[in-house]
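Scroll down for the structure; my scribbles are underneath it.
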């Protein structure tokens with residue numbers, strides 16, 4: 012008992028958390044002060060994040076036909092590389108080519124006719140055909156036959172007009188001969204009248220002396236009157252003949268004038284027809300040339316809409332697209348209207364190409380080179396956006412040389428804006444709220 016009573020009992024001291032609380036408070040204070048100092052002194056670069064895609068500076072080329080038609084043959088396939096001017100699609104054009112052949116034959120006929128009319132106008136016995144027509148005639152017997160027909164027609168028309176002119180000239184000669192005969196008759200009548208007049212005067216003297224009979228004097232007077240009447244009639248007939256001769260001469264002159272007038276009129280009509288045919292031929296050749304759809308640039312075929320011959324290609328419907336191979340890639344991004352005021356020309360942006368693992372590649376930069384003047388509306392979502400185009404900075408695409416970058420690849424664009432402190436990000440909601448709350452309604 013004594014041993015138990017003399018023993019000293021040890022009681023553990025009570026547990027105290029003050030030291031840990033003090034350490035935690037100190038850590039929080041250091042953290043708060045450090046974060047506060049960092050949020051005030053640190054600078055963070057802002058950015059507008061926009062979605063976009065790769066595009067080409069010269070937009071894709073649409074291959075289409077203004078009037079459409081039936082496809083005769085397709086000469087390319089999807090993804091094929093084509094050269095500028097290469098044949099892509101041929102359309103059927105049998106009717107157009109048949110019409111072209113007819114129009115060319117008609118053109119040759121009109122050319123031959125014009126050459127004949129010009130020869131007829133100039134009173135040439137031979138036709139000078141144009142060199143183009145002579146070259147065609149060497150290979151086309153129909154053109155040769157047409158030229159020969161025009162030669163025969165010229166000969167016939169010249170012969171007809173020459174015959175008519177000869178008839179008129181002969182008629183004039185006959186009338187002139189008649190006039191000459193009448194003139195000779197008048198000369199004879201004048202002489203006969205003079206003789207009768209002299210005898211009449213002598214008989215009157217004798218009658219006055221009683222040496223002749225009155226009947227004799229009366230007979231001479233009647234003869235003199237007859238001669239004068241016949242002379243007057245003959246003069247009138249000669250005047251009529253002279254008038255007919257003048258009319259015949261006028262007919263000869265009119266025949267020549269009418270010949271030239273007819274030739275000039277036919278020539279004008281033929282020239283007008285030639286102009287009309289030339290315009291129609293140009294239009295036909297343009298239509299036939301458009302039957303062959305050719306590549307406007309060198310590039311890659313994609314989006315081929317037609318696959319088989321005899322398919323119908325509608326007017327202005329895209330048959331395929333060509334992506335130009337030498338056109339540089341650009342970036343097109345959509346920026347919401349609420350953030351467009353932070354975008355400016357020359358602004359730099361960090362580009363992330365979703366289809367390429369860019370983690371192993373240094374950062375890719377581009378800069379803004381175009382901002383649309385007005386907002387667009389998405390045709391599906393009706394969401395408004397501004398179209399922003401960016402151009403890669405020099406050498407930015409060099410690390411991606413072994414990647415195949417194609418238009419349409421999605422990209423994420425980080426458009427760098429002004430730098431701000433972290434404290435600004437934390438206090439902006441409160442300051443914006445207070446700015447609105449302190450205004451009267």
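Residue numbers (our numbering): 12 to 452. All C-beta atoms, glycine included, are put in the ideal place defined by N, C-alpha and C.
Next item on the list: List the whole-angstrom C-beta distance separating residue 289 from residue 82, where the pair is believed to meet the contact cut-off of C-beta under 8 Å.
Entry: That pair is no contact at about 31 Å.
Next item on the list: Evaluate the contact criterion for the region 316 to 332 versus the region 385 to 402: three or more CB pairs, one atom per stretch, below 8 Å.
Entry: no
Next item on the list: Label residue 159 either buried or exposed according to how many other C-beta atoms from any shown protein chain fall within 10 Å of its C-beta, with 16 as the threshold for buried.
Entry: exposed
Next item on the list: Would you tell me roughly how many angstroms separate the C-alpha atoms of residue 58 and residue 315, rounded to the nearest one?
Entry: 40 Å
Check: For the 8 Å Cβ check, are there 3 or more pairs between the region 150 to 165 and the region 116 to 126?
Finding: yes
Check: Can you round the beta-carbon distance between residue 304 and residue 76 to whole angstroms, since I take them to be within the 8 Å contact cut?
Finding: 6 Å
Checklist line | Residue interval of the alpha helix (DSSP H) (run including residue 282) | finding: Bounds of the alpha helix (DSSP H) holding residue 282 are 225 to 301.
Next item on the list: Could you give the DSSP three-state label for residue 43: helix, strand or coil?
Entry: helix
Notebook entry, point to check: In its own chain, which residues sit with a C-beta less than 8 Å from the C-beta of residue 194, not counting the 5 before and 5 after it?
Noted result: 249
Next item on the list: Mind checking which residues open and close the alpha helix (DSSP H) that includes residue 115?
Entry: 105 to 132
Notebook entry, point to check: If you draw a straight line from the alpha carbon of residue 206 to that of residue 258, how long is it in whole angstroms?
Noted result: When rounded, the separation of the alpha-carbon atoms in residue 206 and residue 258 is 37 Å.
Next item on the list: Measuring alpha carbon to alpha carbon, tell me which of 79, 141, 263 ends up nearest residue 2.
Entry: The question about residue 2 has no answer here: the residues shown for the chain are numbered 12 through 452.
Notebook entry, point to check: Mind checking whether residue 422 and residue 64 have CB atoms under 8 Å apart?
Noted result: yes
Check: So residue 402 packs on residue 341, CB below 8 Å; how close in whole Å?
Finding: 6 Å
Checklist line | Counterpart residues of residue 332 in DSSP-defined beta bridges | finding: Here residue 332 is bridged, per DSSP, to 73, 313.
Notebook entry, point to check: Would you report the Cα separation of residue 382 and residue 280, rounded to the nearest angstrom?
Noted result: Straight-line spacing of the CA atoms in residue 382 and residue 280 works out to 60 Å.
Notebook entry, point to check: Taking buried to mean at least 16 other C-beta atoms within 10 Å of its own C-beta, is residue 332 buried or exposed?
Noted result: buried
Checklist line | Contact check, residue 89 vs residue 334, beta carbons under 8 Å | finding: no
Item checked: Cβ neighbours of residue 218 in the same chain (closer than 7 Å, five flanking residues each side left out) -> 225, 228
Margin query: Taking the straight line between their C-alpha atoms, what separation do you get for residue 405 and residue 338?
Written below: Their backbone Cα atoms lie some 15 Å apart in a straight line.
Notebook entry, point to check: By how many angstroms is the C-alpha of residue 235 removed from the C-alpha of residue 170?
Noted result: 53 Å
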